[in-house]
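Colleague:
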Amino acid sequence: MLGDLLGGGRTGGDTGENLTRLTITATGVTQTIDRRDRYDLTVSGSDNVLTIGEDNDIRKLLVSGDRNTITVGQRARVETLELTGFNNLVRVPAGSGITIARDTGADNTLESY
391 MLGDLLGGGR TGGDTGENLT RLTITATGVT QTIDRRDRYD LTVSGSDNVL TIGEDNDIRK
451 LLVSGDRNTI TVGQRARVET LELTGFNNLV RVPAGSGITI ARDTGADNTL ESY
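The opening position of the sequence shown corresponds to residue 391 in this note's numbering, with each subsequent residue numbered one higher.
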């Protein structure tokens, strides 16, 4: 099912790394993302409930859709978080150091658990 939700490609990123770039465009799904490689993730769909698995390493998480709930796993790493959509909730482990780098949307929330 995850393959149906993701568009993918490769990107050099800002650092010249050869990263996988994933985009979730689906609406209204509940899904766990569990990857072992370092990647960029864009969530442009709406009304999704997503869980980022424990061993994920995300260089950039961009949430441009609306009304998504994203929970980042305890050991998962998110280097940069950007929110450009509306009414999104991103849940991060307490003490993880994950902060919002850019929020140009409205009514987005970063919550510790």
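Virtual Cβ for every residue (Gly too), placed ideally from N, Cα, C.
Nearest CA to the CA of Pro483: which residue from Arg425, Thr441, Gly463, Arg411?
Modeller: Selected option, being the one with the closest Cα: Gly463.
Colleague: Do Ile414 and Thr441 count as a contact pair if the criterion is CB distance below 9 Å?
Modeller: No.
Colleague: Comparing alpha-carbon positions, which option in Arg481, Arg457, Asn477 lies nearest Ala496?
Modeller: When only C-alpha atoms are compared, the closest one is Asn477.
Colleague: With a threshold of 16 other CB atoms inside 10 Å of the CB of Tyr429, please say whether the residue is buried or exposed.
Modeller: By the neighbour-count rule (16 or more Cβ atoms within 10 Å), Tyr429 is buried.
Colleague: Pick out the complete beta strand (DSSP E) segments inside the region 432-480, 3 residues or longer, and give them in chain order.
Modeller: 439-442, 447-453, 459-462, 467-473, all fully within the region 432-480.
Colleague: With DSSP run on the structure shown, which of helix, strand or coil describes Thr420?
Modeller: In this structure, Thr420 counts as strand in the three-state DSSP scheme.
Colleague: Starting from the Cα of Arg411, find the closest Cα among Thr417, Arg425, Val419 and give me that residue.
Modeller: Considering only alpha carbons, the answer is Arg425.
Colleague: Per DSSP, what kind of secondary structure is Ala484 in: helix, strand or coil?
Modeller: It is coil, neither helix nor strand.
Colleague: If we call anything under 9 Å between Cβ atoms a contact, is Val480 one with Leu452?
Modeller: Taking 9 Å as the Cβ cut-off, Val480 and Leu452 do not qualify as a contacting pair.
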